[in-house]
Amino acid sequence: TFTMDMKGINVSGGSACTSGSNQGSHVIRALGEWTSDYQPVRVSFSKFNT
(Lines of atoms letter the chains of each structure in order from A and count residues from 1; the text may use other names and numbers.)
(Lines give C-alpha, C1' and ligand atoms only; values in the text may rest on other atoms or scores of the structure.)
Protein backbone atom coordinates (compact mmCIF):
# COMPACT_ATOMS: atom_id res chain seq x y z
CA THR A 1 0.00 0.00 0.00
CA PHE A 2 2.98 2.34 0.43
CA THR A 3 3.61 2.33 -3.33
CA MET A 4 -0.04 3.11 -3.96
CA ASP A 5 0.10 5.96 -1.43
CA MET A 6 3.11 7.45 -3.21
CA LYS A 7 1.02 7.54 -6.39
CA GLY A 8 -1.88 9.27 -4.63
CA ILE A 9 -4.07 6.19 -4.22
CA ASN A 10 -5.18 5.56 -0.66
CA VAL A 11 -6.60 2.28 0.60
CA SER A 12 -8.27 1.95 3.97
CA GLY A 13 -10.35 -0.55 5.87
CA GLY A 14 -12.64 2.10 7.29
CA SER A 15 -14.35 5.32 6.45
CA ALA A 16 -12.51 8.62 6.40
CA CYS A 17 -14.74 9.76 9.27
CA THR A 18 -13.40 6.98 11.50
CA SER A 19 -9.77 7.37 10.46
CA GLY A 20 -7.50 6.19 13.26
CA SER A 21 -10.26 4.07 14.78
CA ASN A 22 -10.64 0.32 14.58
CA GLN A 23 -14.44 0.51 14.33
CA GLY A 24 -16.00 -0.82 11.18
CA SER A 25 -18.42 1.00 8.95
CA HIS A 26 -21.68 1.85 10.71
CA VAL A 27 -23.43 1.63 7.33
CA ILE A 28 -22.22 -1.93 6.70
CA ARG A 29 -23.20 -2.92 10.26
CA ALA A 30 -26.67 -1.37 9.78
CA LEU A 31 -27.11 -3.44 6.63
CA GLY A 32 -26.37 -6.56 8.67
CA GLU A 33 -23.46 -7.47 6.42
CA TRP A 34 -20.62 -7.14 8.95
CA THR A 35 -18.79 -10.42 9.56
CA SER A 36 -15.25 -11.36 10.45
CA ASP A 37 -15.03 -13.36 7.20
CA TYR A 38 -14.62 -10.28 5.04
CA GLN A 39 -14.02 -6.57 5.46
CA PRO A 40 -14.99 -3.65 3.21
CA VAL A 41 -12.22 -1.57 1.62
CA ARG A 42 -12.29 2.16 0.82
CA VAL A 43 -10.19 3.42 -2.09
CA SER A 44 -9.52 7.14 -2.64
CA PHE A 45 -7.81 8.59 -5.69
CA SER A 46 -7.53 12.16 -4.42
CA LYS A 47 -7.32 13.97 -1.10
CA PHE A 48 -10.38 15.92 -2.23
CA ASN A 49 -12.73 12.91 -2.22
CA THR A 50 -13.29 9.75 -0.23
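So the mapping is simple: this note's numbering equals the position in the sequence shown, first residue as 1, plus 82. Don't be surprised by glycine CBs; every beta carbon is placed ideally from N, CA and C. If you're wondering where the values come from, they're calculated on a predicted model, not measured in any experiment.
When only Cα atoms are considered, V123 and M86 end up about 14 Å apart. Rounded to whole angstroms, the Cβ separation of G90 and S128 is 7 Å, and the two are in contact under 8 Å.
Boundaries of the beta strand (DSSP E) harbouring V125: R124 to S126, taken from the DSSP string. Counted as a single uninterrupted DSSP element, the alpha helix (DSSP H) harbouring I110 occupies residues H108 to A112.
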